[in-house]
Structure formats: structure tokens, C-alpha cells
Amino acid sequence: MANRHRGEVEARLDGKPYRLVLTLGALAELEEAFGADDMVALVQRFEQGRIRSNDAMKVIGAGLRGAGADITDADVSQMRAEGGAGGYVDIVARLLRATFASESDSNGDDKRPPPSCEQRTSQEEGQSPGPFHGTT
4 MANRHRGEVE ARLDGKPYRL VLTLGALAEL EEAFGADDMV ALVQRFEQGR
54 IRSNDAMKVI GAGLRGAGAD ITDADVSQMR AEGGAGGYVD IVARLLRATF
104 ASESDSNGDD KRPPPSCEQR TSQEEGQSPG PFHGTT
């Protein structure tokens, strides 16, 4: 079972349960893969709320490897997620939220306000919205 306090999430790929976590090594892997200078640049890339299929493959692969799976991005590219393309995006969003959200941003479930509410609240407080709902 995934431990959200450690930044872990669970996902079903090819009908099997997997644990994913973005360790420091996995984050370094993603910085290099995306040409990001640092973790802040990496977060800024995902704050845009847009994700390419290649991005999802790299994030999911890094998360699987971070949790100890011996798997390549090529292997990940052949895996099926529950929910199709939306399932991949959901895995990436949950993984990045678990990695970058502070404890005060998470109430233990994956429920979050609609984007318009989150953006309005952050803007009213003079903050820019974080990479995923509930983060700043």
C-alpha cells in the first residue's frame, strides 16, 4: 500500500498494482529528461497544466523506478492504464501532487476543488497556483 506521507501513490498498469514515488534520484532523472535547470524549473514546467504523452511516460517511468521497479520508459510506453489516456494523466497528477504538495495542502484524500476555485483563491491571496490543485 502506498504511503502518501512519503510521496507514494498506487496505480494499476496492465491490470497490476504498482507503487510509484519520485525520489531525489527520480527527480534528477526528470530534470535531465526535460532539460530543467533545477526542481523549481521542473515544477514550473508542470504548473502549465499541460502534459504530453512523452512527459507522462517519463514521469510514470521515473516514479516506478523510484519505487524500485526494474522498468524502462520503453516498457512503460507499452503499458495500459485504467481509464485510458485520462488514467495516465491521473497517475501523473497524483504522483506530482504527492511529491510537491505540503502536508497542509493534503487532507488525506485525492479530492480537490475545481480549478477555477483553486485559481481564484490563490490569486486572491496574491499567490500563484501551484503545479496541481492544492499546491502553491
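Taking this note's numbering, the leading residue of the sequence shown gets 4, the next gets one more, and so forth.
Note that CB positions come from ideal geometry on N, CA and C, so glycine has one too.
(message) Per the DSSP calculation, Y21 is bridged to which residue(s)?
(response) As a position in the sequence shown, residue 21 is number 18, starting the count at 1. Y21 pairs with A14.
(message) Just to confirm the assignment, what range does the alpha helix (DSSP H) spanning A31 have?
(response) The sequence position of residue 31 within the sequence shown is 28, counting from 1. Taken as a continuous stretch (DSSP letters only), the alpha helix (DSSP H) holding A31 covers L27 to F37.
(message) Taking contact to mean 3 or more Cβ pairs, one atom from each stretch, closer than 8 Å, check whether the segment 11 to 19 and the segment 79 to 95 are in contact.
(response) yes
(request) Within 10 angstroms of the Cβ of V24, are there 16 or more other Cβ atoms? Answer buried if so, exposed if not. (result) Working through the sequence shown from its first residue, we reach residue 24 at position 21. It is buried - the Cβ of V24 has at least 16 other Cβ atoms within 10 Å.
(request) Quick one: using the 10 Å Cβ neighbour count with 16 as the cut-off for buried, is T102 buried or exposed? (result) Here residue 102 refers to the residue found at position 99 when the sequence shown is read from its first residue. Buried: at least 16 other Cβ atoms inside 10 Å.
(request) Report the partner residues of A84 according to the DSSP bridge assignment. (result) The sequence position of residue 84 within the sequence shown is 81, counting from 1. DSSP lists L16 as partners of A84.
(request) Give the DSSP-derived three-state secondary structure of M6 in the structure shown. (result) As a first step, residue 6 is located in the sequence shown; it is residue number 3 there, counting from the start. First, the amino acid is wrong: residue 6 is Asn here, not Met. In the structure shown, N6 sits in coil (DSSP, three-state: anything other than H, G, I, E or B).
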